[in-house]
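K.L.:
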Amino acid sequence: MKVLLKLEKMNKAGEAPVYLRITKDRKPKYVSIGVHVKPQNWDSDQGRVKKPHPNIERTNAFIAQKVAEASGVALALQTESKFVSPCKSSRPSWASLRRAS
Numbered sequence: 001m002k003v004l005l006k007l008e009k010m011n012k013a014g015e016a017p018v019y020l021r022i023t024k025d026r027k028p029k030y031v032s033i034g035v036h037v038k039p040q041n042w043d044s045d046q047g048r049v050k051k052p053h054p055n056i057e058r059t060n061a062f063i064a065q066k067v068a069e070a071s072g073v074a075l076a077l078q079t080e081s082k083f084v085s086p087c088k089s090s091r092p093s094w095a096s097l098r099r100a101s
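The opening position of the sequence shown corresponds to residue 1 in the UniProt record's numbering, with each subsequent residue numbered one higher.
1. List, from N- to C-terminal side, the alpha helix (DSSP H) runs of 4 residues or more that fit wholly inside the UniProt domain "Arm DNA-binding" (4–84).
2. Drop a sphere of 10 angstroms on the beta-carbon of R91, count the other beta-carbons inside from all chains shown, and report buried for 16 or more, exposed for fewer.
3. Excluding the 5 residues preceding and the 5 following G14 in the sequence, name in chain order all residues of the same chain whose CB lies nearer than 7 Å to its CB.
4. Does the beta-carbon of A64 have 16 or more other beta-carbons within 10 angstroms, so that it is buried, or is it exposed?
5. For A61, decide whether its Cβ has a neighbour in chain C, counting only Cβ atoms nearer than 8 Å.
6. Let's test the definition: count the other Cβ atoms within 10 Å of the Cβ of P54 and tell me whether it reaches 16, buried, or not, exposed.
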């Protein structure tokens, strides 16, 4: 699981949305977490917001919470011995991340 900025989807304010990339069997699924960040305020190596961002701690905590929720959903599905896949058939499980925000 990786947190990344989608620069090709920048809005008029110059901010790009933050996405979770969930990969299973070499098939990626991208889920927006509902946060937009300016590219100069983004640390792509760590998948976090950098210093000049006005709400750095709250935004990074929110991102960490979404990553934990996605990991929890994947772990719960694996422990129930259901097949975990990022394809559309498992969309309701990953869609719960967006509803929680």
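Ideal Cβ positions, reconstructed from N, Cα and C, are used throughout, including at glycine.
P.N.:
Let's see:
1. Counting only runs of 4 or more, we get 56–79.
2. As a position in the sequence shown, residue 91 is number 91, starting the count at 1. Its pLDDT being 49, under 50, R91 is placed unreliably in this model, and the value from its coordinates should be taken loosely. Classification of R91: exposed, given that the 10 Å Cβ count is below 16.
3. Counting from 1 along the sequence shown, the entry for residue 14 is found at position 14. Excluding positions up to five away in sequence, the list reads K38.
4. Looking up residue 64 in the sequence shown gives position 64. Burial call: exposed.
5. No chain C appears in the structure shown, which is made up of a single protein chain.
6. What you label residue 54 is simply residue 54 of the sequence shown in a count that begins at 1. When all chains shown are included, P54 counts as exposed.
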